[in-house]
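Each residue of the sequence shown is one higher than the one before, counting from 4 in the numbering used here.
For every residue, glycine included, the Cβ atom is placed at its ideal position computed from N, Cα and C.
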Amino acid sequence: MTVFVLDQQVRRTGLVEGQSSLWRPIWRRREGGMIVLVGYVSIEGQTRKIAEAVAAELEKRGDRALLFNVGEMVEYGVDHPQAAILCAPVHSGRYPDPFVAFVSREAEWLKSVPTAFVSVSLLIRSEFEEERLEAQHFADSLFAQTHWQPGMVHHAAGALRYSEYDFFKRWMMRRMAARERAPTDVSQNHEFTDWTELATFTTEFVKAAAR
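Next comes the structure, spelled out in structure tokens:
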């Protein structure tokens, strides 16, 4: 299985900052499969892990996955993707600025192909309905701001990566975890992503996109 990681496999298109990227041919389409851009931004690593799982599931199905960190790559072009799955985490009530900038810049292209969005947050696993609804609202706000409306949306639970936090954030996240009855053992990280649901979502999206 080969997942193409775009920060190692692309060439410059000579664009200036702020200009929309040009999707230029580099690879040929795999016979019988689709070329799917898997774009992501990750803060502490869980969203990257989710994007990698999406890419692996696509490759397992016989499609071509182009794994792309949109937070680091703003001036590169790749072969014409026939679909896109974008992944981003909610931090401090918003998605990372580089992700929002990418979606805004590429809104017209995103409208031209089948797309899906994976929103990553801890709130989506809350036992309180109002907090789960709040997690869903973050995505709605993104769509209103960027004028992008993906065909499918999946809300994935993230992780408590205590080892990645500084002292203050570890203390704050532990208090929040206690309120949510989540793990408070700061000596290890705790993952809440449902990988089976994520794989099912990816499969259903590709089936719909290929119709």
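As assigned by DSSP and simplified to three states, the class of residue i
| i | result |
| --- | --- |
| SER122 | strand |
| ALA68 | strand |
| GLU167 | helix |
| GLU194 | strand |
| ILE29 | At ILE29, the pLDDT of 35 sits below 50, so the modelled position is not reliable and the matter cannot be decided from this model. |
| GLY17 | Model confidence at GLY17 stands at a pLDDT of 30, short of 50, so the residue's coordinates are unreliable and nothing is read from them. |
Own chain, CB closer than 8 angstroms to residue i, minus 5 neighbours either side, in chain order
| i | result |
| --- | --- |
| ARG32 | Because ARG32 sits at a pLDDT of 41, beneath the cut-off of 50, its placement in the model cannot be relied upon, and the point is left open. |
| ALA110 | THR149, HIS150, TRP151 |
| GLY96 | PHE141 |
| ALA211 | PRO117, GLY154, MET155 |
| PHE146 | GLN152, PRO153 |
| ARG214 | none |
Close-in-space but distant-in-sequence residues of the same chain around residue i (CB under 6 angstroms, 5 per side omitted)
| i | result |
| --- | --- |
| LEU61 | VAL39, ALA68 |
| LEU113 | TRP151 |
| ALA91 | VAL44, TYR98, PHE102 |
| GLN49 | GLY161, ALA162 |
| THR205 | VAL57, GLU60 |
| GLU194 | ALA162 |
Terminal residues of the beta strand (DSSP E) in which residue i lies
| i | result |
| --- | --- |
| ALA91 | 86-92 |
| ALA213 | Premise fails: ALA213 is in no beta strand (DSSP E) and is neither H nor E. |
DSSP bridge partner residues for residue i (one or two, in chain order)
| i | result |
| --- | --- |
| ILE38 | ARG67 |
| ALA160 | SER124 |
| TYR43 | ASN72, CYS90 |
| ARG97 | HIS94 |
Same chain, Cβ closer than 7 angstroms to residue i, five either side skipped, listed in chain order
| i | result |
| --- | --- |
| GLU3 | No information on residue 3 is available, as it lies outside the stretch 4 to 214 that the chain covers here. |
| TRP198 | ALA56 |
| GLY36 | GLY65, ASP66, ARG67 |
Test item: CB-CB of residue i and residue j under 8 angstroms
| i | j | result |
| --- | --- | --- |
| VAL73 | GLY42 | yes |
| GLY154 | THR203 | no |
| PHE157 | ALA138 | The question names Phe, but residue 157 in the sequence shown is His. No, these two residues do not count as a Cβ contact at 8 angstroms. |
| TRP201 | ILE53 | The question names Trp, but residue 201 is Leu in the sequence shown. It is a contact, given that the beta carbons lie within the stated cut-off. |
| VAL106 | VAL57 | no |
| GLU75 | GLU167 | no |
| ARG64 | VAL209 | yes |
Residue range of the alpha helix (DSSP H) that includes residue i
| i | result |
| --- | --- |
| PRO101 | 100-108 |
Closer than 7 angstroms: residue i CB and nearest the ligand ZN heavy atom
| i | result |
| --- | --- |
| SER115 | Absence of the ligand ZN is noted for the structure shown, with no ligands found whatsoever. |
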